[in-house]
Amino acid sequence: MPHVLPIASVIAGFKPLDNVLWHIAKHIWDLIFSFATHSYYLEKPPSVKPLTAPYFSPSRALLYASARSLSLVSKSFREIVRRHLFSIVQIENSRRFLAFSHAINDNDTVGQLVRIFRVNFLRSSLGAAYDNRMTQILPALTES
21 MPHVLPIASV IAGFKPLDNV LWHIAKHIWD LIFSFATHSY YLEKPPSVKP
71 LTAPYFSPSR ALLYASARSL SLVSKSFREI VRRHLFSIVQ IENSRRFLAF
121 SHAINDNDTV GQLVRIFRVN FLRSSLGAAY DNRMTQILPA LTES
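Numbering (this note's numbering), first residue to last: 21 to 164.
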């Protein structure tokens with residue numbers, strides 16, 4: 021069995037970036053979270069993706085799971101990771117579309133974080149509700 025060195029965070033009393041000024045530590049954590057939660061594949065427009073790529077982009081479920089886990093560590097991590105959690109929104113079914121619609125309506129700061137908004141399901145599955153929800157969502161995404 022290979023010898024595994026202990027991870028720094030497991031050592032009692034260890035606090036990463038504890039001796040660094042908060043505004044610098046926040047920037048470092050932001051870069052780390054960006055790397056942990058970002059997908060360059062999802063950011064590419066469909067026309068740039070290889071011809072062998074599936075019609076629908078891969079799910080962001082793993083990236084969302086990473087962001088959610090990081091946000092549970094502390095209040096400061098939650099604030100830092102929030103930007104990454106909502107930067108690329110990919111909706112793959114009507115249930116998630118409605119959940120995102122509620123998130124936008126419940127918190128007016130969420131829309132400002134969205135850089136890419138991709139809906140990958142047939143809008144006919146929601147009927148007129150899709151158009152009603154979309155007319156509520158789009159202004160929230162375009163406000164500065």
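All residues carry an ideal CB built from backbone N, CA and C; glycine is no exception.
Since the structure is predicted, the reported quantities are computational estimates derived from the model, not experimental observations.
Residue i vs residue j beta-carbon contact at 8 Å
i	j	result
residue 146	residue 102	no
residue 91	residue 105	yes
residue 156	residue 127	no
residue 86	residue 56	yes
residue 50	residue 100	yes
residue 149	residue 131	no
residue 117	residue 153	yes
Helix, strand or coil at residue i according to DSSP, with G and I counted as helix
i	result
residue 135	coil
Spatial neighbours of residue i in its chain, beta-carbon cut-off 7 Å, leaving aside the 5 residues before and after
i	result
residue 37	45, 48
residue 53	90, 100, 101, 104
DSSP bridge partner residues for residue i (one or two, in chain order)
i	result
residue 157	In the DSSP output, where bridge partners are listed per residue, residue 157 has none listed.
residue 111	139
Contacting residues, own chain, Cβ-Cβ under 8 Å from residue i (five flanking each side not counted)
i	result
residue 120	109, 111, 157
residue 141	111, 112, 113, 114, 117
6 Å CB neighbourhood of residue i in its chain, flanking five on each side removed
i	result
residue 42	none
residue 135	107
Secondary structure, alpha helix (DSSP H): runs of 4+ residues fully inside the segment 79-108: 81-91, 95-107
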